[in-house]
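These notes concern the structure reproduced below.
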């Protein structure tokens, strides 16, 4: 970390929304460029800066600021320059000169302690003093907050939010209970609040600390895909993390429950702790699912058997009995689940169901959890398909919180909703979807229950299937044309616990034996860079060939793979702008992925600039179009242009290689997977099956044969703590 002092000579760029600034500063008689989130920096200010030197490909050497402190001037010339800079509303160069000439070295004392004295200056009245006082007070308060909190890793933007929330009481509020920041200020978590609290001398057994820590532990546990946490597990982890005894933990859990922040329920004789959002989501989903599954939808005036035969004839296919059962089930009630592996005809069934409904003048809406899955659905059916977020019309409330415009009060106007790739839908999204489906509208849920569960909380598809309150059709017959694909055949073999057929001549499923990790790595790079593009010149090495790994860390984890693949597939060049951000270099042309749901990021269409929206979602893959002024422009779904600044760059990562989990909902012409001995929790059948079913034209496994055997025989799935199935079964038993 480098420290320097300097005077701001000019503001080159300022983003009023997030406080990001590019400025020229004079330091040690040299003019330098500084960048960073410094919301209240103004021309003429003297600053004490901490940060690091970086090389921008376009603009050369810059100083990237991590913390900033204003140095109050002590010379008359410095005070006048400071006041005339425009930093204080109501004071310009002429007024600044008058004030300094009148009060001299006591000028800043007057502003701090007796601002009414400004009336002594000709031209300054009561109204102007109010303007000056308000502006100076705000500047001073935010500056003090930044000085107080930046040593704890609180960003300048968060300091501005703190001031907006608590006003002139900000520091007093934080000193009394820093843990309140975790609930009120986005991005400040328990660890940061705990660091502040410890420095302030707050006791380790403070109820503020224990209750905040308990919520942090539950939220961390739910962040791994669970909707609740066993009480016994919470007690043990809380003792370990917080360092206080179990009795104090239990007392504070009960207090948190009484305050309405957590809920405890007994499920199958064991107590579980819920955060309130997940608790209410499960209740809401349970209620709506039972309503849809038990309501009488009446008999439609459609000869479904006749329409199925027409579809078979028009498309030159013949449905298996279970496929016909799946189609007919869509017309017999309010909700149906269709589940099956690759090649079992799920997409063809969706197309048939949609045609029959539309020919009967009924409106069908189709949706999927991700843009990629929705696009595939559209291509396969020839009809419009949207992401669920877009279907529900994602927007913002008056207080800038994300909300869906389609709700119980303003539901979807259609007769049928068909949702594909349902294994990816978490409890939160399912709740919002169900709220928007009015009575009388049918819901058809399609997905592969044997894939990995959603990245978000819950195991919704599996829970709904196992609740046995919904008509579920399991597709097991493979369409004739799919039987030619070893990818499809082997996917079903793996799912049944059988060894896949490898290296069959002229087919699409291969295994390259390699025993050592460094050799596996070299083989992966050689395949994607040379061998596979040479084998099929239609395959673009960046867009069409995807490496999937079970893990992030290690030689064969995606972090190392991406660094190596970037060197080979998109190397440094003079004509390619790039930007260093933390440990990653982003370069024009890079394949990148959004790593979390962000409902604030705006996008515009690169083809139709009038088309715009908000929201970029976990797992969306795009390509860097340009890099300018520390901003990275990414194109997603070949159309959606999104501009990232420093505030959101940490949500992007390279995507030449991605985890199997992140690949859900995607399809790639070619999938390459390293297979090696790793943690049993990761190296399981579900993960292996999900990975190979992402491929359309070819799978290449590289590594150890023993690892394939291990994964196929490892049935340890991603078990999750969820009460959805229990809630549905419990109500059914009571009735």
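Numbering (UniProt numbering), first residue to last: 1 to 735.
Idealized CB from N, CA, C, for every residue including glycine.
Sequence-distant Cβ neighbours of residue 523 in its own chain, meaning closer than 8 Å and more than five residues away, are 512, 514 and 702.
The DSSP-derived three-state label of residue 642 is strand. Restricting attention to alpha helix (DSSP H) runs no shorter than 4 residues, the stretch 451-480 encloses them at 460-467, ordered along the chain.
Excluding sequence positions up to five before and after residue 8, its CB lies within less than 7 Å of the CB of 23, 25, 41, 42, 43, 44, 45 and 47, all in the same chain and listed in chain order. Secondary structure note for residue 652: its beta strand (DSSP E) is the uninterrupted segment 652-654. Residue environment: residue 603 is assigned as buried (16 or more neighbouring CB atoms within 10 Å of its CB, all protein chains considered). Looking at the DSSP output, residue 510 sits in a beta bridge with 700.
By the Cβ test, the stretch 55-67 is not in contact with the stretch 91-101, since fewer than three Cβ pairs between them sit closer than 8 Å. With the rule of 3 Cβ pairs closer than 8 Å, the stretch 174-184 does not count as touching the stretch 223-233. For residue 24, the enclosing beta strand (DSSP E) starts and ends at 20-27. Secondary structure of residue 37 (DSSP, three-state): strand. When the beta-carbon positions are compared, residue 694 and residue 676 stay at least 8 Å from each other. The continuous alpha helix (DSSP H) containing residue 726 extends over residues 724-734. In this structure, the beta-carbon distance from residue 619 to residue 389 does not fall below 8 Å. Considering only 294, 362 and 319, the residue with the shortest C-alpha distance to residue 302 is 362.
A check of alpha carbon separations from residue 369 across 454, 700, 296 and 438 identifies 454 as the nearest. In this model, residue 452 and residue 495 are separated by some 12 Å (Cα to Cα).
According to DSSP, residue 274 shares a beta bridge with 263. Sequence-distant partners of residue 532 (beyond 5 residues in either direction) whose C-beta falls short of 7 Å from its own C-beta, in its chain, are 539, 545 and 670.
The beta-carbon distance between residue 152 and residue 196, rounded to whole angstroms, is 5 Å. This is short enough to meet the 8 Å contact definition.
In this structure, the beta-carbon distance from residue 626 to residue 588 falls below 8 Å.
Beyond the five residues adjoining it in sequence on each side, residue 203 comes within less than 8 Å, by CB distance, of 209 in the same chain, given in chain order. In the DSSP assignment, residue 578 falls within the beta strand (DSSP E) that extends over 578-581.
With contact defined as three or more Cβ pairs closer than 8 Å, the stretch 409-423 and the stretch 437-445 are in contact. Taking a 10 Å sphere around the C-beta of residue 186, we find fewer than 16 other C-beta atoms and assign the residue as exposed. Rounded to the nearest whole angstrom, the C-alpha separation of residue 317 and residue 263 is 53 Å.
Within the same chain, Cβ atoms closer than 8 Å to the Cβ of residue 70 are found at 45, 46, 47, 48 and 143, the five residues on either side in sequence being excluded.
DSSP assignment within the stretch 220-267 yields the following whole beta strand (DSSP E) runs of 3 residues or more, N-terminal first: 262-267.
One Cα belongs to residue 547, the other to residue 578, and the distance between them is close to 23 Å. For the options 460, 19 and 383, the alpha carbon positioned closest to that of residue 447 is the one of 460.
The C-alpha of residue 216 is placed about 17 Å away from the C-alpha of residue 198. Assigned with DSSP and collapsed to three states, residue 591 falls in strand.
In this structure, residue 564 sits near residue 521, with a CB-CB distance shorter than 8 Å.
Spatial neighbours of residue 637 in its own chain (CB-CB distance under 6 Å, excluding positions within 5 residues in sequence) are listed in chain order as 371. As the crow flies, the alpha-carbon of residue 629 is around 16 Å from that of residue 38. Apart from the 5 residues on each side of it in sequence, residue 408 sits with its Cβ closer than 6 Å to the Cβ of 435 in its chain, given in chain order.
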